[in-house]
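Accompanying notes for the structure given below.
Number of protein chains: 2
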Amino acid sequence: MKIQKYKKDFSYSYTLGAFPTIELIKFKKDQIINVYIHSSFSNKEIRKSIFDLLKKEETKIIENDDKIFSKLSDKENVYVIGIFKKYEMKLDNSSHHLLLDNPSNTGNLGTIIRSSLGFNVRNIAIIKPSVDIFDIKTIRASMGSIFSVNIALFDSLEEYKKEYSNHKIYSFMLQTSNLLQDFRFDKNTYSTLAFGNEAHGLDDKYLKETPIKIEHSTKIDSLNITNAATIALYEFNKQVGNK
Amino acid sequence: MKIQKYKKDFSYSYTLGAFPTIELIKFKKDQIINVYIHSSFSNKEIRKSIFDLLKKEETKIIENDDKIFSKLSDKENVYVIGIFKKYEMKLDNSSHHLLLDNPSNTGNLGTIIRSSLGFNVRNIAIIKPSVDIFDIKTIRASMGSIFSVNIALFDSLEEYKKEYSNHKIYSFMLQTSNLLQDFRFDKNTYSTLAFGNEAHGLDDKYLKETPIKIEHSTKIDSLNITNAATIALYEFNKQVGNK
Numbered sequence: 027m028k029i030q031k032y033k034k035d036f037s038y039s040y041t042l043g044a045f046p047t048i049e050l051i052k053f054k055k056d057q058i059i060n061v062y063i064h065s066s067f068s069n070k071e072i073r074k075s076i077f078d079l080l081k082k083e084e085t086k087i088i089e090n091d092d093k094i095f096s097k098l099s100d101k102e103n104v105y106v107i108g109i110f111k112k113y114e115m116k117l118d119n120s121s122h123h124l125l126l127d128n129p130s131n132t133g134n135l136g137t138i139i140r141s142s143l144g145f146n147v148r149n150i151a152i153i154k155p156s157v158d159i160f161d162i163k164t165i166r167a168s169m170g171s172i173f174s175v176n177i178a179l180f181d182s183l184e185e186y187k188k189e190y191s192n193h194k195i196y197s198f199m200l201q202t203s204n205l206l207q208d209f210r211f212d213k214n215t216y217s218t219l220a221f222g223n224e225a226h227g228l229d230d231k232y233l234k235e236t237p238i239k240i241e242h243s244t245k246i247d248s249l250n251i252t253n254a255a256t257i258a259l260y261e262f263n264k265q266v267g268n269k
Numbered sequence: 027m028k029i030q031k032y033k034k035d036f037s038y039s040y041t042l043g044a045f046p047t048i049e050l051i052k053f054k055k056d057q058i059i060n061v062y063i064h065s066s067f068s069n070k071e072i073r074k075s076i077f078d079l080l081k082k083e084e085t086k087i088i089e090n091d092d093k094i095f096s097k098l099s100d101k102e103n104v105y106v107i108g109i110f111k112k113y114e115m116k117l118d119n120s121s122h123h124l125l126l127d128n129p130s131n132t133g134n135l136g137t138i139i140r141s142s143l144g145f146n147v148r149n150i151a152i153i154k155p156s157v158d159i160f161d162i163k164t165i166r167a168s169m170g171s172i173f174s175v176n177i178a179l180f181d182s183l184e185e186y187k188k189e190y191s192n193h194k195i196y197s198f199m200l201q202t203s204n205l206l207q208d209f210r211f212d213k214n215t216y217s218t219l220a221f222g223n224e225a226h227g228l229d230d231k232y233l234k235e236t237p238i239k240i241e242h243s244t245k246i247d248s249l250n251i252t253n254a255a256t257i258a259l260y261e262f263n264k265q266v267g268n269k
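One line per chain: the protein sequences are A and B, in this order.
Heads up: the first sequence begins at 27 in the working numbering, then just goes up one per residue.
Heads up: the second sequence begins at 27 in the working numbering, then just goes up one per residue.
Here it is, written out as structure tokens:
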């Protein structure tokens with residue numbers, strides 16, 4: 027296998043750094059092709075836990091190929107790299123969902139995945155077009171939490187709704203007077219928290235769902251999308267809890 | 027005045043882009059040295075509003091010097107640049123505060139400033155060491171909201187407390203069992219919401235204030251600092267409102 031800088035059309039991707047690589051081994055072990063440890067990696071504890079976690083497959087660990095580190099990473103502090111086969115996931119019909127319509131920034135996508143897992147929403151629907159969910163920047167910003175959630179892509183909101191008709195969709199958008207600050211989520215159904223694109227938000231067709239606005243001072247134009255999504259996840263989790 | 031790429035020891039800094047430059051003109055007009063508009067800037071409405079806002083000082087607007095755009099900005103879509111003298115601010119003693127101990131990332135600092143203004147906390151104390159509050163990346167991430175808040179630097183928490191002894195400090199940290207999800211803020215005093223450094227949080231001396239934890243799933247290591255601060259600001263604003 028020839029190692030090259032990541033491109034979207036590859037059938038595999040990389041975790042750069044010990045933390046996301048350990049998440050990969052813990053939650054998606056079957057997908058692993060190889061784990062590289064730099065010869066000068068000095069954290070013996072983490073090295074041992076990588077060996078322990080991989081157990082019988084420790085032949086996949088490569089410790090004598092430092093060249094790939096400079097090839098794959100621009101950052102100097104990367105001493106562990108994982109290579110894994112990409113995979114498809116299905117959403118759990120009996121869980122709450124997050125829905126992202128047209129996410130266009132890999133860093134934001136990764137950060138939202140991390141917050142979503144942090145507030146126990148482990149199923150994420152993405153309406154295309156979308157940035158690459160397996161981009162190394164998405165994985166890095168997610169701190170490896172991408173390996174603990176289900177993500178599925180859909181061509182349209184309609185396609186998503188057909189498949190998950192048991193979910194009530196809450197659309198976070200400014201074109202409404204329903205305020206999150208006063209809002210009570212329905213605890214007796216499965217919920218989907220929907221967010222739009224970084225620049226233009228959700229379009230008006232989402233007004234037909236249950237729209238909610240996160241009220242903020244008029245002194246700012248908008249909240250950053252990852253902050254807005256995290257507030258919604260926090261408030262939802264506080265009111266409804268896990269499911 | 028010779029225009030060079032921004033350095034921390036300059037007595038002036040830059041706004042890159044129309045949006046933060048307009049915020050600069052609106053809220054810190056007296057600090058402005060010059061405003062540059064690129065000769066190919068096609069948004070007539072924004073150009074007009076820059077002229078209107080600057081009124082009698084429109085001689086400060088320079089429209090025939092495109093070279094400084096390539097000199098100061100790596101981004102192609104910057105058509106307006108402001109140059110302003112740095113300034114000192116004092117915190118309002120009769121307002122709620124945000125406190126950041128040792129912020130180390132300019133982008134995070136700017137994003138937190140934007141969220142803080144968004145939830146009506148317009149006074150920000152920073153405990154040194156700190157990244158440069160006037161770094162162009164701080165200003166960009168704040169989307170110009172830095173010009174609508176007061177920011178003051180302190181050598182230590184003790185110095186801050188001496189000056190603002192009427193404030194009750196809430197320390198957001200993991201070393202406590204007080205959960206934000208169940209917490210009621212004191213509405214009868216001025217509050218300070220305190221956050222630590224991106225990598226290591228607040229140290230144990232902050233336990234002597236009123237510590238609060240934002241509970242999240244054990245499946246993630248931590249929330250991103252800007253997301254954590256934004257949740258706290260949202261919840262505080264919801265409970266206490268403006269002051």
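Think of the CB as a built atom: it goes at the ideal place given N, C-alpha and C, for glycine as much as any other residue.
- Around the C-beta of serine 68 of chain B, fewer than 16 other C-beta atoms lie within 10 Å, and the residue is accordingly described as exposed.
- Out of A:Asp118, A:Ile159 and A:Phe110, the CA that lies nearest to the CA of asparagine 134 of chain A is found in A:Ile159.
- Along the region 100-136 of chain B, the beta strand (DSSP E) occurs as fully enclosed runs of 3 or more residues at 106-111 and 123-127, listed in sequence order.
- By the criterion of at least three beta-carbon pairs nearer than 8 Å, the region 144-151 of chain B is in contact with the region 252-264 of chain B.
- In the three-state reduction of the DSSP assignment, threonine 41 of chain B falls in the strand class, which pools E and B.
- Contact of histidine 242 of chain A with chain B by beta-carbon distance below 7 Å involves Gly144 and Phe145.
- For the pair leucine 42 of chain A and valine 61 of chain A, the CB atoms are not nearer than the 9 Å cut-off.
- Judged by pairs of C-beta atoms under 8 Å, the region 175-187 of chain A does not touch the region 80-92 of chain A, as fewer than three such pairs exist.
- When 8 Å is used as the limit between beta carbons, arginine 140 of chain B is near these residues of chain A: Ile246, Leu249 and Asn250, in chain order.
- Under a 10 Å Cβ-count criterion, arginine 210 of chain A is classified as exposed, with fewer than 16 other Cβ atoms of the shown protein chains found around its own Cβ.
- Its chain contains Ile29, Tyr62 and Ile107 as the residues whose beta carbon lies nearer than 7 Å to that of isoleucine 94 of chain A, once the 5 sequence neighbours on both sides are disregarded; these appear in chain order.
- The count of Cβ pairs closer than 8 Å, one atom from the region 207-227 of chain B and one from the region 102-120 of chain A, stays below three, leaving the stretches out of contact.
- With its beta carbon less than 9 Å from one in chain A, threonine 256 of chain B belongs to the interface.
- Excluding its 5 nearest sequence neighbours in each direction, phenylalanine 45 of chain B has C-beta neighbours in its own chain below 7 Å: Met169 and Gly170, listed in chain order.
- Counting along the chain, the unbroken beta strand (DSSP E) around valine 61 of chain B starts and ends at 58-63.
- Residues of the region 111-142 of chain A with a C-beta atom less than 8 Å from some C-beta of chain B are Thr137, Arg140 and Ser141, listed in chain order.
- Taking a C-beta distance under 9 Å as the contact criterion, proline 237 of chain A and phenylalanine 173 of chain A do not qualify as a contact pair.
- In chain order, Ser197, Met199 and Ala220 place their CB closer than 7 Å to the CB of tyrosine 232 of chain A, counting only its own chain and leaving out the 5 sequence neighbours on each side.
- The beta-carbon of lysine 97 of chain A is placed no less than 9 Å from the nearest beta-carbon of chain B.
- The Cβ neighbour count for alanine 225 of chain A, taken over all protein chains shown within 10 Å, is under 16; the residue is labelled exposed.
- DSSP places threonine 236 of chain A inside the beta strand (DSSP E), whose first and last residues are 236-238.
- Interface flag for methionine 169 of chain A against chain B is set, since a Cβ pair is found closer than 9 Å.
- In the displayed model, phenylalanine 262 of chain B falls within a helix according to three-state DSSP.
- Taking phenylalanine 36 of chain A as the centre and dropping the five residues before and after it, the same chain places no C-beta closer than 6 Å to its C-beta.
- At a cut-off of 9 Å between beta carbons, lysine 234 of chain B makes no contact with chain A.
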